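Q:
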Amino acid sequence: MTQFSRRSFLTASAATFAGASGMFGSLTGGRAWAADTTGYKAIVCVFLKGGWDHGDTVLPVDTASHNALGNIRPGIFGAYGVGSGTSSRDIANLAKLNADNAGAFGGREFGLPPQYAGLADMFDGGDLAVIGNVGPLLEPTTRDEFEAATVELPPRLFSHNDQQSTWMSLDVEGSRYGWGGRFADATSANLSPGARSYSAIATGGNDVFLSGNTVQQFSLPGSGGGELDVIDNRGVIGGNSRFDPMREAIREYYLRNQVTSSSLFARDIVDAQSQGLVSAQNYRTALEQSIPINTAFPPTRLGGQLAEVAEAMTVSGSLGVPRQVFYVTGGGFDTHSNQVADMPALQSEINDALMAFRSAMLERGLWNDVVVFTASDFGRTTIDNGDGTDHGWGSHHFVMGGEVAGRRIYGDIPAPDLDLPSYTERRGRMIPSTSVEQYAATMGRWFGLSESELGSALPNLERFPSTDLGFMGSPSG
Amino acid sequence: MHQQRDLTWKACAPAIAALAVAACSGGGGGSSDPASTGGGGGSPPASSSPPPPPPPPAVTGLDSQVEVARFVTQAGFGATSQELLALVGADAADWTEAQINTAPTLYLPGLLQQENSGEDIGNRAHSPLFWNAMMSGDDQLRQRMVFALSQIIVVSDDSMAGESLEMAYYVDILSRNAFGNYRDILQEVTYSPAMADYLTYLRNRKADDRTGRMPDENYARELLQLFTIGLVELNMDGTPRLNGSGDPIETYTNDDVEGLARVFTGLGYKGTSFSNRDRDDDYASSPLQMYADQHSEKEKAFLGTVIPAGTPGDETIDRALDAIFEHPNMAPFLSRQLIQRFTASNPSPAYVQRVATAFEAGSFVSPDGSRFGTGQRGDLEATIAAILLDDVVHSETSLEDPGAGKIREPILKYVHWARAFNVSNADAGEQGRFNDTRRTSDRLGQHPFRSPSVFNFYRPGFIAPGTESGSAGLTAPELQLINSGTTFGYSNWMTDFAFERVRRSGVQQFVPDYSAELALAETPEALVDHLDLLLTAGTLEDEARTDIVNALNALVITDSNAESDRQRRVRAAVLMVADSAAFAVVR
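Chains as they are written, first to last, in numbering that gives the first Met the number 0: chain A, 0 to 476; chain F, 0 to 586.
1. Between Leu387(F), Asp279(F), Gln375(F) and Met493(F), which lies nearest to leucine 411(F) when the distance is taken from Cα to Cα?
2. Give the single residue among Val576(F), Ala536(F) and Ala520(F) whose Cα lies nearest to the Cα of threonine 557(F).
3. Just confirm the distance between the C-beta atoms of alanine 427(F) and proline 127(F), as a whole number of angstroms; I'd bet it's less than 8 Å.
4. Do histidine 396(A) and isoleucine 42(A) have their C-beta atoms closer together than 8 Å?
5. For tyrosine 457(F), which of His125(F), Pro476(F) and Ile99(F) has the nearest alpha-carbon?
6. Going by the CB atoms, is the gap between threonine 380(A) and threonine 388(A) shorter than 8 Å?
7. Could you tell me which uninterrupted alpha helix (DSSP H) segments, each at least 4 residues in length, are contained entirely in the stretch 142–178 of chain F, listed from first to last along the chain?
8. Is any heavy atom in the ligand SAM found nearer than 7 Å to the beta carbon of glycine 454(A)?
9. At 4 residues or longer, what runs of the alpha helix (DSSP H) sit wholly inside the stretch 360–429 of chain F?
10. Skipping 5 residues on each side, what residues in its chain have a beta carbon closer than 8 Å to that of arginine 568(F)?
11. Pairs of beta-carbons, one from the stretch 465–479 of chain F and one from the stretch 394–410 of chain F, closer than 8 Å: are there three or more?
12. Within a Cβ cutoff of 6 Å, which residues of the same chain sit near leucine 223(F), ignoring the five residues on either side of it in sequence?
13. Evaluate the contact criterion for the stretch 194–214 of chain A versus the stretch 178–185 of chain A: three or more CB pairs, one atom per stretch, below 8 Å.
14. Could you work out which residues of chain F lie near methionine 245(A), taking near to mean beta carbons separated by less than 8 Å?
15. Counting pairs of beta carbons, one from the stretch 171–181 of chain F and one from the stretch 250–269 of chain F, are three or more of them closer than 8 Å?
16. With distances taken Cα to Cα, identify the nearest neighbour of tyrosine 513(F) among Phe496(F), Arg503(F), Gly505(F) and Val506(F).
17. Helix or strand or just coil, what does DSSP make of isoleucine 430(A)?
18. Look at the Cβ atom of phenylalanine 448(F), then the Cβ atom of serine 191(F), and state whether they are nearer than 8 Å.
19. Within 10 Å of its beta-carbon, does proline 43(F) have 16 or more other beta-carbons around it, so buried, or fewer, so exposed?
20. Would you kindly report the start and end of the unbroken beta strand (DSSP E) that includes asparagine 132(A)?
21. Between the stretch 254–266 of chain A and chain F, which residues of the former have CB atoms less than 7 Å from a CB of the latter, in chain order?
22. With a threshold of 16 other CB atoms inside 10 Å of the CB of glutamate 138(A), please say whether the residue is buried or exposed.
23. Glutamine 508(F) by DSSP, collapsed to three states: which one?
24. Which residue from Gly38(A), Phe446(A) and Ser261(A) puts its Cα closest to that of valine 585(F)?
25. Which same chain residues end up closer than 6 Å to aspartate 55(A) when comparing Cβ atoms and leaving out the 5 residues on each side of it in sequence?
26. Between which two residues does the alpha helix (DSSP H) containing glutamine 437(A) stretch?
27. Classify proline 112(A) as helix, strand or coil using the three-state DSSP reduction.
28. Going by other Cβ atoms of all chains shown within 10 Å of its Cβ, with 16 needed for buried, is asparagine 311(F) buried or exposed?
29. Using 8 Å as the limit for Cβ to Cβ distance, is serine 559(F) near chain A?
30. Which stretch, first to last residue, makes up the alpha helix (DSSP H) that contains phenylalanine 182(A)?
31. Could you check the C-alpha separation between threonine 27(A) and leucine 254(A) for me, to the nearest Å?
32. In the DSSP assignment, find the beta strand (DSSP E) that holds arginine 322(A) and state where it starts and stops.
33. Taking glutamate 251(A) and aspartate 546(F) to be in contact with their CB atoms under 8 Å, please state how far apart those CB atoms are, rounded to whole angstroms.
34. Leaving out five residues on either side along the sequence, give the residues of the same chain with a beta carbon under 7 Å from the beta carbon of leucine 365(A).
35. Could you check whether the Cβ of asparagine 328(F) sits closer than 8 Å to any Cβ belonging to chain A?
36. List the residues of chain F whose Cβ lies closer than 7 Å to the Cβ of histidine 159(A), in chain order.
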């Protein structure tokens, strides 16, 4: 926590300087200190648990680089049958990314697996950007500094839970604030507690990403959820109205939010129960009065979650919340083994769910108001272990939305040459060249956060030369 | 393996203080390794320390029904009305010892029998078995221990569809060794098809220097991080050791993981070759087999241990597990997590140290003089006894400590209901819902042996954001399961059971015996008192009591509907108590 306050101070100084020099021009005009919450905007985090293999996500499509990657991971390429002409990873079958900045990579070209064909189209259409080699960093880090341990490093690299937590909260497991929650803190400062409770929405478990100071995540009740059978289903106690007083008294019991127990755990349980009940029932009421989305979502785990997110966005107006951060998760990316059997299906699931989400957003005129980004524990080793890959560090990610400055690759896509300083010395783990905080800040600024709010949500941001990667169309700062 | 209580020891322990400890323990049950020096790990001999203080009086006596209720909720799945009466006056050590000596409910034999008789045992045939064992097994402490161990040395069947026998074999390892030695669990689980499948070292091959292929690191990493020593060096009391600049010291580096990954190469199913094609019919219920030509012949260096090049595969694994098991973190790392599964989310360092000391010594002497364990380091009988028979578990002061105790997970709460009301016609195999209880809208949001990942349902260090316990810096692992979505699931699941709405082909199942409660339905205060004893060990919060009594009184019993109205009151009262904070928190 001391880091936060120290950082706030530094950021405040920086923002003052920026304001004086006019560096941010009209973009920051009139909102230097408080978040801009005009209109509606949403950030959607798609967290892919397990550590997704960037090397099987953005592949080289120029022959030299493709061959080089094949030499580094013969097990994976072999299992895919690369060279057969029919392999999904053969150059001819990869979906080439026609980037506006294609010339920046010295003749190297990139593509996505065919399972991501929709996303590749979205890229070419200008609504999707690739962020190369992003990952947790405390300060810019080179291989020499890493090997010599002369640089401050995020603790517990390569450990699933800690790196998930670090991506979400910039600290290892046990940390209490995620940057999604801190963003929502900033944008919900002037809301009523009721509206604020819908500022940060998850479709599942209690991860730290959406935890702020004042904001806690609301967990969507899911389809068929949000009803308390003992009260809402009259069949349980009995249909006769003479049971209504008992039903009402039971409702009172569930809504109780005060308890004199000396146990903090007991108080927390009562609180979670009553708050959950109130938020879920108000949410259901809003939903019942809304117009359903026509777009069909694929019946997958991710598809179902993004359908719920889209649905929630349609009632943001009636719930009175102008900025929302959403959090959905995918699983199964820890591909130590059987990667070739498992990965393509996971990729199709992501592609199809995100394409449906985009359609739903277009249907409701929300596509320009939303940015969707991917995140994951870490990337994976470039060298394979036969039929899979092991834990890495930096990874490539996708950002999409109507206002995303797409058709570009931001940051670095290191060439498949393990002698390059982009990799750790063994097994080819990428050392991130862009930090999670730079990635987050770029979206946070678009979301409306002031520079000081960004600084307090992202404690190490100012240690990096640029706090804006430019993919939200804002100038590189 | 459990030594029968030594009456000589018991007789002298309370009476004679420090000097008697050595004398009595030396004569206690023939163990060659008395607990006095804390077992092996380089600690100075006891003779240089001042004599230990006299043992405290036996606080583990279960003097009232409330104490029985509380203890059996901590150690087991909660007591029935009959047990409440029967155990008053006993010592908690008696119950613990009797439970340890109860024959285990094993899964594999039954499944194999089903399979051999030509029955299709299906994808997840093991799930109902575990539910049934929890709901009706006599070995409830062992079942709790199995469930606890399954949350530490995790195999989740989520990704193991069709491998019921592998799962049953794995669970039986935990069951057979629940009061055995953790080193044996490490050994057997390492060689279990389920773990090898789950953490992807099944058919893990040695490195290929020509192609650059490296061994899979998955098991090496999680074995260290989750199953044995954890990420940072610990003191015996479970607190992190700090370096000169006040930072925790990481226990291993990536180099250690890469070195250890070579150890777990060459294991395949039992069969005639490394290939899955050539596995034997009983592969799923047999230990893995080492295939020498696939095992790395290179030197394996990790955690300061070097296993020379060319060491045979099985011997390599043996030596590696020995080395990891000998790590000073082993005792506090496992002890603290086991405590969290039974009695406290935030055990004091002193409590952790007492339990870790029992793990190290392999023996534990309870306040009433009962002796547990074989004297071998890693003994889980001694460890669980130290957890359950500690002063802090039995002292009244913990009721005033705002951070005392722990939250119970939905599975434990549901099973408590089933046992407390002695449910009949209750075969989990006949209710499809027991095949997957994870759904959050109307089920428990949790299923045994089906956590989302090897990191279990929740993390031991989870601090719940936006909560009072979180602001106080308390960890609350089970709170990770509770949110606005999941509270409905548990409530609705319990509503179905408490209101007797569980049917199959029109026949009522999971029928609770509410006879004692129905007799109290006309007097709501007495009914709530009774449920407060049976389900919440006298800790039901005042507001809940008032609200529940009000809700029952809100239904005026009419003559023409007297019986069904009494039923409604009882069912509503049971549900509301089962949804109280007191039922969720055990302390």
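Yeah, the Cβ is synthetic: ideal placement off N, Cα and C, and Gly gets one too.
Predicted model, so just to flag it, every value in this text is computed and none were measured.
A: Taking the coordinates as given:
1. Working through the second sequence from its first residue, we reach residue 411(F) at position 412. Of the listed residues, the one whose Cα sits closest to leucine 411(F) is Met493(F).
2. Here residue 557(F) corresponds to residue number 558 of the second sequence, with the count starting at 1. Among Val576(F), Ala536(F) and Ala520(F), the Cα nearest to that of threonine 557(F) belongs to Ala520(F).
3. Sequence index remark: in the second sequence, residue 427(F) carries index 428 (1-based). Sequence index remark: in the second sequence, residue 127(F) carries index 128 (1-based). Right, the Cβ-Cβ distance comes to about 4 Å (below 8 Å), so this counts as a contact.
4. Counting from one through the first sequence, the residue named residue 396(A) turns up at place 397. Counting from one through the first sequence, the residue named residue 42(A) turns up at place 43. No, Cβ-Cβ distance for histidine 396(A) and isoleucine 42(A) is not below 8 Å.
5. Here residue 457(F) is taken as the residue at index 458 of the second sequence, counted from 1. Of His125(F), Pro476(F) and Ile99(F), the residue nearest in Cα terms is Pro476(F).
6. Against the first sequence, residue 388(A) aligns to sequence position 389. Against the first sequence, residue 380(A) aligns to sequence position 381. For threonine 388(A) and threonine 380(A), yes; Cβs fall inside 8 Å.
7. 163–175
8. Among the ligands in the structure shown, none appear at all, so the ligand SAM cannot be discussed.
9. 379–387, 390–393 and 409–419
10. On the second sequence, position 569 is the one that residue 568(F) refers to. Excluding sequence positions up to five before and after arginine 568(F), its CB lies within less than 8 Å of the CB of Ala520, Pro523, Leu526, Leu551, Leu554 and Ile556, all in the same chain and listed in chain order.
11. yes
12. By 1-based counting over the second sequence, the position of residue 223(F) is 224. So the list reads Tyr251, once near-sequence residues are dropped.
13. yes
14. The residue you call residue 245(A) lines up with position 246 of the first sequence. The contacting residues are Ala550, Leu551, Ala553, Leu554, Arg567 and Ala571.
15. no
16. Within the second sequence, numbered from 1, the residue matching residue 513(F) stands at position 514. Closest by alpha carbon: Phe496(F).
17. Counting from one through the first sequence, the residue named residue 430(A) turns up at place 431. Here isoleucine 430(A) sits in coil by DSSP.
18. Residue 448(F) sits at position 449 when you count from the first residue of the second sequence. Residue 191(F) sits at position 192 when you count from the first residue of the second sequence. Contact: no.
19. Position 44 of the second sequence, counting from 1, holds the residue named residue 43(F). Residue placement at proline 43(F) cannot be trusted, given a pLDDT of 39 that sits under 50; what the coordinates show is reported in the next sentence. Proline 43(F) should be labelled exposed.
20. Along the first sequence, one-based indexing puts residue 132(A) at 133. In the DSSP assignment, asparagine 132(A) falls within the unbroken beta strand (DSSP E) covering 127–134.
21. Closer than 7 Å at the C-beta level to chain F, one finds these residues of the stretch 254–266 of chain A: Arg255, Gln257, Val258, Thr259, Ser260, Ser261, Ser262, Leu263, Phe264, Ala265 and Arg266.
22. Walking along the first sequence from the start, residue 138(A) turns up at place 139. Answer is exposed; the Cβ neighbour count stays below 16.
23. Along the second sequence, one-based indexing puts residue 508(F) at 509. Coil, per DSSP.
24. Locating residue 585(F) in the second sequence gives position 586, where the first residue counts as 1. Checked all of Gly38(A), Phe446(A) and Ser261(A); the closest Cα to valine 585(F) is Ser261(A).
25. As a position in the first sequence, residue 55(A) is number 56, starting the count at 1. If we look at aspartate 55(A) and ignore the five residues flanking it on each side, its Cβ neighbours are Met342.
26. Here residue 437(A) refers to the residue found at position 438 when the first sequence is read from its first residue. Here the alpha helix (DSSP H) through glutamine 437(A) covers 435–446.
27. The residue given as residue 112(A) occupies position 113 in the first sequence. Residue state, collapsed to three classes: coil.
28. Here residue 311(F) corresponds to residue number 312 of the second sequence, with the count starting at 1. Residue 311(F) is actually proline in this sequence, not asparagine. With fewer than 16 other Cβ atoms within 10 Å, it is exposed.
29. Within the second sequence, the letter at position 560 stands for residue 559(F). By this cut-off, serine 559(F) is not an interface position.
30. Within the first sequence, numbered from 1, the residue matching residue 182(A) stands at position 183. Taken as a continuous stretch (DSSP letters only), the alpha helix (DSSP H) holding phenylalanine 182(A) covers 178–186.
31. Here residue 27(A) corresponds to residue number 28 of the first sequence, with the count starting at 1. Here residue 254(A) corresponds to residue number 255 of the first sequence, with the count starting at 1. At threonine 27(A) the pLDDT is 39, less than 50, meaning the model places this residue with poor confidence; the figure from the coordinates comes in the next sentence. Per the coordinates, the alpha-carbon of threonine 27(A) lies some 43 Å from the alpha-carbon of leucine 254(A).
32. By 1-based counting over the first sequence, the position of residue 322(A) is 323. Unbroken beta strand (DSSP E) run through arginine 322(A): 322–329.
33. Your numbering for residue 251(A) matches position 252 in the first sequence. Your numbering for residue 546(F) matches position 547 in the second sequence. Right, their Cβ atoms sit about 6 Å apart.
34. Here residue 365(A) refers to the residue found at position 366 when the first sequence is read from its first residue. These residues qualify, in order along the chain: Met312.
35. The sequence position of residue 328(F) within the second sequence is 329, counting from 1. It does not; no Cβ of chain A falls within 8 Å.
36. Position 160 of the first sequence holds residue 159(A). Phe454, listed in chain order.
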